[in-house]
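Trainee:
There are 2 protein chains.
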Amino acid sequence: MRDFSADHRWLSLNTATLRKQGDLLEIIDACARHGIRAIDPWRDQVAAVGLDRAARAVRDAGLDLTGYCRGGMFVADAAHRTEARDDNRRAVDEAKALGAPCIVLVVGGLPQYSRPGSVLSRDIAGARAQVDDAIAEMMEYAKQANMPLAVEPLHPTYAADRACVNTTKQALDICDRLDPRRTGALGVALDVYHIWWDPELLPQIARAGKDRLLAFHVCDWLVPTKDVLNDRGMMGDGVIDIKSVRAAVEAQGFAGYSEIEIFSEGWWAKPMDEVLRTCIERHRTVV
Amino acid sequence: MRDFSADHRWLSLNTATLRKQGDLLEIIDACARHGIRAIDPWRDQVAAVGLDRAARAVRDAGLDLTGYCRGGMFVADAAHRTEARDDNRRAVDEAKALGAPCIVLVVGGLPQYSRPGSVLSRDIAGARAQVDDAIAEMMEYAKQANMPLAVEPLHPTYAADRACVNTTKQALDICDRLDPRRTGALGVALDVYHIWWDPELLPQIARAGKDRLLAFHVCDWLVPTKDVLNDRGMMGDGVIDIKSVRAAVEAQGFAGYSEIEIFSEGWWAKPMDEVLRTCIERHRTVV
Numbered sequence: 001m002r003d004f005s006a007d008h009r010w011l012s013l014n015t016a017t018l019r020k021q022g023d024l025l026e027i028i029d030a031c032a033r034h035g036i037r038a039i040d041p042w043r044d045q046v047a048a049v050g051l052d053r054a055a056r057a058v059r060d061a062g063l064d065l066t067g068y069c070r071g072g073m074f075v076a077d078a079a080h081r082t083e084a085r086d087d088n089r090r091a092v093d094e095a096k097a098l099g100a101p102c103i104v105l106v107v108g109g110l111p112q113y114s115r116p117g118s119v120l121s122r123d124i125a126g127a128r129a130q131v132d133d134a135i136a137e138m139m140e141y142a143k144q145a146n147m148p149l150a151v152e153p154l155h156p157t158y159a160a161d162r163a164c165v166n167t168t169k170q171a172l173d174i175c176d177r178l179d180p181r182r183t184g185a186l187g188v189a190l191d192v193y194h195i196w197w198d199p200e201l202l203p204q205i206a207r208a209g210k211d212r213l214l215a216f217h218v219c220d221w222l223v224p225t226k227d228v229l230n231d232r233g234m235m236g237d238g239v240i241d242i243k244s245v246r247a248a249v250e251a252q253g254f255a256g257y258s259e260i261e262i263f264s265e266g267w268w269a270k271p272m273d274e275v276l277r278t279c280i281e282r283h284r285t286v287v
Numbered sequence: 001m002r003d004f005s006a007d008h009r010w011l012s013l014n015t016a017t018l019r020k021q022g023d024l025l026e027i028i029d030a031c032a033r034h035g036i037r038a039i040d041p042w043r044d045q046v047a048a049v050g051l052d053r054a055a056r057a058v059r060d061a062g063l064d065l066t067g068y069c070r071g072g073m074f075v076a077d078a079a080h081r082t083e084a085r086d087d088n089r090r091a092v093d094e095a096k097a098l099g100a101p102c103i104v105l106v107v108g109g110l111p112q113y114s115r116p117g118s119v120l121s122r123d124i125a126g127a128r129a130q131v132d133d134a135i136a137e138m139m140e141y142a143k144q145a146n147m148p149l150a151v152e153p154l155h156p157t158y159a160a161d162r163a164c165v166n167t168t169k170q171a172l173d174i175c176d177r178l179d180p181r182r183t184g185a186l187g188v189a190l191d192v193y194h195i196w197w198d199p200e201l202l203p204q205i206a207r208a209g210k211d212r213l214l215a216f217h218v219c220d221w222l223v224p225t226k227d228v229l230n231d232r233g234m235m236g237d238g239v240i241d242i243k244s245v246r247a248a249v250e251a252q253g254f255a256g257y258s259e260i261e262i263f264s265e266g267w268w269a270k271p272m273d274e275v276l277r278t279c280i281e282r283h284r285t286v287v
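As given, the protein sequences belong to chains A and B, one line each in that order. Each residue of the first sequence is one higher than the one before, counting from 1 in the numbering used here. Each residue of the second sequence is one higher than the one before, counting from 1 in the numbering used here.
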């Protein structure tokens, strides 16, 4: 396991962590000020400043990317499926233009939430089947762009409204079904927030192996959690034994960045530089 | 699958559903008014009116019990383990006095939450090991009273603070380890709220079989969930396909009550009779 205590060279910032403090260009400037070498930008943040400007700013700053957030939201009724497919193809094009190493997929939950306007459904098994089909379809397009897809299992709390893929096992089952030969086209993005509770986590990380581990995200689970969406914790402030998860991932050969992604009204209310200073300190001490 | 549309003879009320509207004796009276034949009382509600009075009221009303809530909270540091053990033994004695068919076990999360005052830990694997040992110890005592224990897997949202047993598979693994011969001393209590999201739910219910299925609880998962603890939904108001879970449980031979347990600030604010009328209507239409 790599020693992170001496510097933060393996810290990547998911730009949602600062989404309320500034636009993507300001976030990139802040990363430069703090010696942060990599980011994972969100589509809406890229769109707000323009794809070309965003791509140029990333290049000019010499930043690595650790992903592009996010594709997915595949589950839709028939009337919204073309919209979902086309939207995901645009995500591939954007990721390519930015030079991202993969697209993180949040697959969607029930259709009325993942593609609003879709008819109401309680069929989560049906949603899961649709996710398989839609990832298979997206892979065809992404392969032409040589753009890997990283399925992110989301905490079961989000099963209805954000992602019906809720365990690492489930994400890896999809990978094995759609990419049995491990071509590199499909893998997983593991965020400790979503997976820390899973009694099968360590064997599933071993099953994933280096070639399926496309991204590793960190934050923390607070007790109590005041808001299921926007009360994630800074690393060290919650109950997750982050180092043990990173050790498991690195034992498989993962040698990439540790990406900080914190959705938090509390941290969004603080100045950008204070958040980044804290991220760096916690990266060195508890990640 | 039984037809619930014509009456509510298989409706049981978990008395936490009305905990803010009245004491246990008032809840029992209300059940009598509405033709509800069974309840599952909570220890604090029993203690508030006195064990003897509670037992007499249950008998006088001719009520069946579907469980006793709750034992568990096993995870503790060394200084709090005796307290946890003795507390659970008292739960067995009370359940026996009341004539309950089983004790529902909420096993506890990390020690600082399940037994406040315990030293802080982030070791969920250690918590799980402790749960195994403590259930084994409690079983020895419960067997003498011929009192079955029903392990309730809780939604992963509660992994840190309430229960580190978070899937049906995990609960059944405990049963198989501690009661491999399926003596009836150990089983599971399944609440749709906690398990509906689980991609392995149906095969695990089949694995459980009739002799492990000691209780079946219903409510609903609301989107959005405004409070992770006390914003559970009335059946039909959320996203759970309750009938499909009941069908799976009954396909294994489960023929007991369907127990309504709703922790909800919204429903706690309504009059007792309105809540029960709604429970009965939804029991007949969506359970």
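Where a beta carbon is used, it is the ideal one built from N, C-alpha and C, also for glycine. Only a predicted model underlies this, so the values are computations on that prediction, with no experimental measurement involved.
Is Cys164 (chain A) close to the ligand MN? I mean its beta-carbon at under 7 Å from any heavy atom of the ligand.
Mentor: Ligands displayed in this structure: none; no statement on the ligand MN is therefore possible.
Trainee: Which residue from B:Phe254, B:Arg181, B:Asp132, B:Asp93 puts its Cα closest to that of Ala142 (chain B)?
Mentor: Checking every option, the nearest Cα to that of Ala142 (chain B) belongs to B:Asp93.
Trainee: Is Val119 (chain B) close to chain A? Criterion is C-beta to C-beta, closer than 8 Å.
Mentor: No, Val119 (chain B) lies away from the interface with chain A (no Cβ there is under 8 Å from its Cβ).
Trainee: Is there a Cβ of chain A sitting closer than 8 Å to that of Asn230 (chain B), yes or no?
Mentor: So, not an interface residue.
Trainee: Relative to the C-alpha of Leu11 (chain B), which residue among B:Met138, B:Met1, B:Asp23, B:Ile260 is closest?
Mentor: Considering only alpha carbons, the answer is B:Ile260.
Trainee: From the beta carbon of Gln170 (chain A), is the nearest beta carbon of chain B less than 8 Å away?
Mentor: Taking Cβ atoms only, chain B reaches closer than 8 Å to Gln170 (chain A), which makes this a yes.
Trainee: Got a sec? Which residues, its chain only, sit under 7 Å from Ile280 (chain A) by beta carbon, not counting five neighbours each side?
Mentor: The residues are His8, Leu11, His34.
Trainee: Could you give the first and the last residue of the continuous beta strand (DSSP E) run that contains Cys69 (chain B)?
Mentor: Segment 68-72, the beta strand (DSSP E) holding Cys69 (chain B).
Trainee: In terms of residues, what are the limits of the beta strand (DSSP E) holding Glu259 (chain A)?
Mentor: Here the beta strand (DSSP E) through Glu259 (chain A) covers 258-260.
Trainee: Taking contact to mean at least 3 C-beta pairs separated by less than 8 Å, is the region 56-68 of chain A in contact with the region 85-101 of chain A?
Mentor: Cβ pair count under 8 Å is three or more, so yes.
Trainee: Using a Cβ-Cβ cutoff of 8 Å, what residues of the region 133-162 of chain B are near chain A? List them in chain order.
Mentor: Listed by position, the residues of the region 133-162 of chain B near chain A (Cβ gap below 8 Å) are His155, Pro156, Thr157, Ala159, Ala160, Asp161.
Trainee: May I ask which residues mark the beginning and end of the beta strand (DSSP E) holding His283 (chain B)?
Mentor: His283 (chain B) -> not in any beta strand (DSSP E); alpha helix (DSSP H) instead, spanning 272-285.
Trainee: So, Val287 (chain B) versus Lys243 (chain B), is the Cβ gap smaller than 8 Å?
Mentor: Closer than 8 Å, so yes.
Trainee: Check whether the Cβ atoms of Val288 (chain A) and Thr17 (chain A) lie closer than 8 Å to each other.
Mentor: Not covered by the structure: residue 288 (chain A). The range shown for chain A is 1 to 287.
Trainee: Look at the Cβ atom of Trp197 (chain B), then the Cβ atom of Asn166 (chain A), and state whether they are nearer than 8 Å.
Mentor: Against a cut-off of 8 Å, the Cβ pair of Asn166 (chain A) and Trp197 (chain B) comes out as a contact.
Trainee: Give me the residue from A:Val107, A:Phe74, A:Asp77, A:Ile27 with the minimum Cα distance to Ala189 (chain A).
Mentor: Of A:Val107, A:Phe74, A:Asp77, A:Ile27, the residue nearest in Cα terms is A:Val107.
Trainee: Against chain B, with Cβ distances strictly below 8 Å, would Trp268 (chain A) count as a contact?
Mentor: False, the Cβ-Cβ gap to chain B never drops below 8 Å.
Trainee: How far does the beta strand (DSSP E) with Asp40 (chain A) in it extend, from its first residue to its last?
Mentor: Per DSSP, Asp40 (chain A) belongs to the beta strand (DSSP E) from 38-40.
Trainee: Taking Cβ-Cβ distances shorter than 8 Å, what residues in chain A pair up with Arg122 (chain B)?
Mentor: Within chain A, the residues near Arg122 (chain B) are Val239, Ile240, Asp241.
Trainee: Could you please give me the residues that DSSP links to Asp220 (chain A) through a beta bridge?
Mentor: Answer is A:Gly233, bridged to Asp220 (chain A).
Trainee: Assuming contact is defined by CB atoms lying nearer than 8 Å, are Phe74 (chain B) and Ala129 (chain B) in contact in what I supplied?
Mentor: No, the pair does not count as a contact, with Cβ atoms beyond the cut-off.
Trainee: Name the one or two DSSP bridge partners that Ile103 (chain B) has.
Mentor: Ile103 (chain B) is bridged to B:Tyr68, B:Leu149.
Trainee: Any beta carbon from chain B within less than 8 Å of Arg246 (chain A)'s own beta carbon?
Mentor: So no, Arg246 (chain A) is outside the interface.
Trainee: Suppose you measure from the CA of Leu186 (chain B) to the CA of Ala251 (chain B); what does that come to, to the nearest Å?
Mentor: Leu186 (chain B) and Ala251 (chain B): Cα-Cα distance of roughly 20 Å.
Trainee: Straight-line CA distance for Leu172 (chain B) to Ala208 (chain B)?
Mentor: Cα to Cα, the separation comes out at about 7 Å.
Trainee: Quick one: which chain B residues come within Cβ less than 9 Å of Pro199 (chain A)?
Mentor: The answer, in chain order, is Ile124, Ala125, Arg128, Cys164, Val165, Asn166, Thr167, Lys169, Gln170, Asp173.
Trainee: Going by beta-carbon coordinates alone, are Met235 (chain B) and Val223 (chain B) separated by less than 8 Å?
Mentor: It is not a contact, given that the beta carbons lie outside the stated cut-off.
Trainee: CB-CB under 7 Å to Lys96 (chain A), same chain, minus the five flanking residues each way: which ones, in chain order?
Mentor: For Lys96 (chain A), where only same-chain residues beyond five positions count, the Cβ hits under 7 Å are Ala145, Met147.
Trainee: What span of residues does the alpha helix (DSSP H) with Asp86 (chain B) cover, start to end?
Mentor: Here the alpha helix (DSSP H) through Asp86 (chain B) covers 81-98.
Trainee: Output, in chain order, the set of chain B residues within a Cβ distance shorter than 8 Å of Val218 (chain A).
Mentor: Residues of chain B passing the Cβ test: none, with the nearest at roughly 14 Å.
Trainee: By the 10 Å Cβ neighbour count, where 16 or more other Cβ atoms means buried, how is Thr157 (chain A) classified, buried or exposed?
Mentor: By the 10 Å Cβ count, Thr157 (chain A) comes out buried.
Trainee: Give the range of the alpha helix (DSSP H) segment to which Val58 (chain A) is assigned.
Mentor: Counting along the chain, the alpha helix (DSSP H) containing Val58 (chain A) begins and ends at 51-60.
Trainee: Would you be able to state if there are at least three C-beta pairs under 8 Å between the region 262-274 of chain B and the region 19-28 of chain B?
Mentor: Cβ pair count under 8 Å is three or more, so yes.
Trainee: Could I get the ranges of all uninterrupted beta strand (DSSP E) runs contained in the region 104-183 of chain B, with 3 residues as the minimum, in chain order?
Mentor: Counting only runs of 3 or more, we get 149-151.
Trainee: Using a Cβ cut-off of 7 Å, pull out every chain A residue sitting near Trp221 (chain B), in sequence order please.
Mentor: Within 7 Å Cβ-Cβ: Ala160.
Trainee: Excluding the five sequence neighbours on either side, which residues of its own chain have a C-beta within less than 8 Å of the C-beta of Gly266 (chain B), listed in chain order?
Mentor: Cβ neighbours of Gly266 (chain B) beyond the five flanking positions: Asp231.
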